[in-house]
Amino acid sequence: MKAVQSKPVRFVLENESSRGAEPRPRGRKSLDTNPTGDRKARNRQNQRAYRQRQQQQLSESEKERDAYKNEVEMIKQRLIDKNGKLARMADLVFDMERLCVVQGVILPATIRNRLQLFKARAAADLDEQFADISESLRSIPESTQEASASDSSVITNTTSSPLSTIESPLNNLPDDALAKLAPVPDLNVSSMDMEMDSLSSDSSNEIGTKNHHWDSLPLTVHLPQPADLIQYTSARVPIPRHVASYYIQSHYLKRMLDPDGNYPPSTLDPTPLELALADKLKVHPRLRFMPCPRIRERLMMFQDVVDMKEVMSCIVHNAICWGSDPLVSKNWELPERLFRDFWFICDQAMVDHTNEWRAADGRGPIVWDSHGRHVKKDSGSSGKTHAKIIGLLDDEPVSNNHLLQS
0 MKAVQSKPVR
10 FVLENESSRG
20 AEPRPRGRKS
30 LDTNPTGDRK
40 ARNRQNQRAY
50 RQRQQQQLSE
60 SEKERDAYKN
70 EVEMIKQRLI
80 DKNGKLARMA
90 DLVFDMERLC
100 VVQGVILPAT
110 IRNRLQLFKA
120 RAAADLDEQF
130 ADISESLRSI
140 PESTQEASAS
150 DSSVITNTTS
160 SPLSTIESPL
170 NNLPDDALAK
180 LAPVPDLNVS
190 SMDMEMDSLS
200 SDSSNEIGTK
210 NHHWDSLPLT
220 VHLPQPADLI
230 QYTSARVPIP
240 RHVASYYIQS
250 HYLKRMLDPD
260 GNYPPSTLDP
270 TPLELALADK
280 LKVHPRLRFM
290 PCPRIRERLM
300 MFQDVVDMKE
310 VMSCIVHNAI
320 CWGSDPLVSK
330 NWELPERLFR
340 DFWFICDQAM
350 VDHTNEWRAA
360 DGRGPIVWDS
370 HGRHVKKDSG
380 SSGKTHAKII
390 GLLDDEPVSN
400 NHLLQS
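Note that numbering that gives the first Met the number 0 has the sequence shown beginning at 0, numbered continuously upward.
As structure tokens, then:
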């Protein structure tokens with residue numbers, strides 16, 4: 000007998016076929032149960048789906064484009080800010096290295112050649128007294144060599160008075176005149192002030208200066224202003240021009256080195272007109288050291304019709320500072336030539352302050368014509384400049400009768 004081969008028993012459901020899964024028919028399966036259906040409807044459906052996919056891809060591309068555009072704008076603005084910072088840093092480095100030249104600081108030999116270039120440029124732009132202040136300070140009398148201590152305070156946060164750089168007018172006063180002055184109020188001097196006072200007195204004794212009553216006062220005592228001592232002082236001495244210029248420049252550089260510092264308002268601060276015209280006009284380098292905002296504004300407006308180098312040389316080499324603070328406009332006596340040749344940048348307040356100092360010095364007042372009637376067209380040292388200014392400021396009506404008759 001043949002052996003019966005046993006097969007595994009398979010249990011199926013009632014409605015399930017025992018043959019297994021039927022093979023899939025070959026060919027494309029129709030989407031519609033009815034193969035003879037309308038193909039146009041299917042085509043429209045496919046086209047609609049295609050347009051939706053295209054619209055979705057286009058919207059995604061637009062979003063990506065906007066993202067790239069915003070990123071490019073951010074990078075552009077970042078580069079602009081960095082460029083501005085680099086420009087400010089370059090100016091700051093230039094001013095710091097020039098300050099090192101002024102202070103006589105020893106620097107590495109790697110930038111010594113650059114400092115020579117900066118020194119020559121400073122001498123051409125500002126003045127030789129700004130670039131080589133060490134030589135100009137040698138002309139100060141021996142009694143004023145103690146100004147070196149106040150010069151170093153410009154770099155720190157301490158304040159120094161330019162009156163300490165010249166001989167005090169109190170040295171020439173008689174004893175009875177000192178008695179007429181108001182007494183100095185008692186001050187609460189701290190231990191630090193007393194130590195500084197002792198150090199300053201020891202250093203003054205080593206130098207060999209004269210011991211006066213005012214030298215023993217603490218550093219926080221404010222001396223009387225020269226304007227208050229006019230009636231008691233027989234021989235008044237102005238602040239040396241190079242010392243006043245050096246004080247103004249040091250004050251300006253101190254603010255540039257620490258722009259976030261809390262400084263009181265100064266005449267070197269730019270006015271709203273200067274801030275508005277700073278990006279539109281190229282300002283003369285000496286103009287920022289002018290402690291008179293009104294002159295700075297007028298020179299910026301008239302710089303196309305006036306010789307800036309001649310005006311600045313006239314002011315720098317001939318102005319006299321009689322007051323105690325060179326940063327105060329009313330402490331300066333402006334030269335007479337400024338009111339005569341460059342009358343259009345002056346005003347009545349400048350004339351009044353100048354005449355006050357001239358009267359105190361025993362000189363006659365300056366006569367200033369605000370309309371420039373003393374100037375003839377195409378004449379004078381500035382020649383055509385005067386003609387342009389008179390043409391701009393001439394308010395008299397021009398008669399054209401001779402043109403009509405011809």
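Note that the Cβ used here is the ideal one computed from N, Cα and C, for glycine as well.
Can you tell me which of the three DSSP states residue i falls into?
| i | result |
| --- | --- |
| Ile247 | helix |
| Ile319 | strand |
| Ile314 | helix |
| Ile79 | helix |
| Ile365 | coil |
| Val92 | helix |
| Asn171 | In this predicted model, Asn171 has a pLDDT of only 47, less than 50, meaning its place in the structure is not dependable; the value taken from the coordinates is given anyway. Helix. |
| Leu57 | helix |
Less than 6 Å between C-beta atoms, sequence neighbours within five positions excluded: which residues of the same chain meet that for residue i?
| i | result |
| --- | --- |
| Trp342 | Gly371 |
| Cys291 | Ser328 |
| Arg297 | Ile344 |
| Ile74 | none |
Name the two residues that bound the continuous alpha helix (DSSP H) containing residue i.
| i | result |
| --- | --- |
| Gln347 | 347 to 359 |
| Leu337 | 335 to 340 |
Verify whether the separation of the beta carbon atoms of residue i and residue j is less than 7 Å.
| i | j | result |
| --- | --- | --- |
| Thr270 | Leu326 | no |
| Glu332 | Ile319 | yes |
| Arg295 | Leu286 | yes |
| Ile365 | Asn354 | yes |
| Met255 | His283 | no |
| Leu252 | Leu98 | yes |
| Met311 | Leu276 | no |
| Trp321 | Trp367 | no |
Apart from the five residues just before and just after residue i, which ones in its own chain have a Cβ nearer than 8 Å to its Cβ?
| i | result |
| --- | --- |
| Pro334 | Cys313, Ile314, Asn317, Ala318 |
| Asn69 | none |
Below 7 Å CB to CB, which residues in the same chain sit around residue i once its five sequence neighbours on both sides are set aside?
| i | result |
| --- | --- |
| Met349 | Leu333 |
| Pro237 | Ile319, Cys320, Trp321 |
| Leu337 | Cys313, Ile314, Cys345 |
| Gln54 | none |
| Asp94 | Leu252, Met255 |
| Leu272 | Glu296 |
| Asp185 | The predicted position of Asp185 is uncertain, since its pLDDT is 40 and thus under 50; a value taken from the coordinates is nonetheless stated next. Cβ within range, chain order: n/a, list empty. |
| Gln56 | none |
### Message
Quick check for students: name the residue ranges of the alpha helix (DSSP H) that lie wholly in the segment 272 to 298, counting only runs of 4 or more.
### Response
If we require 4 residues or more, the segment 272 to 298 turns out to have no alpha helix (DSSP H) run fully inside it.
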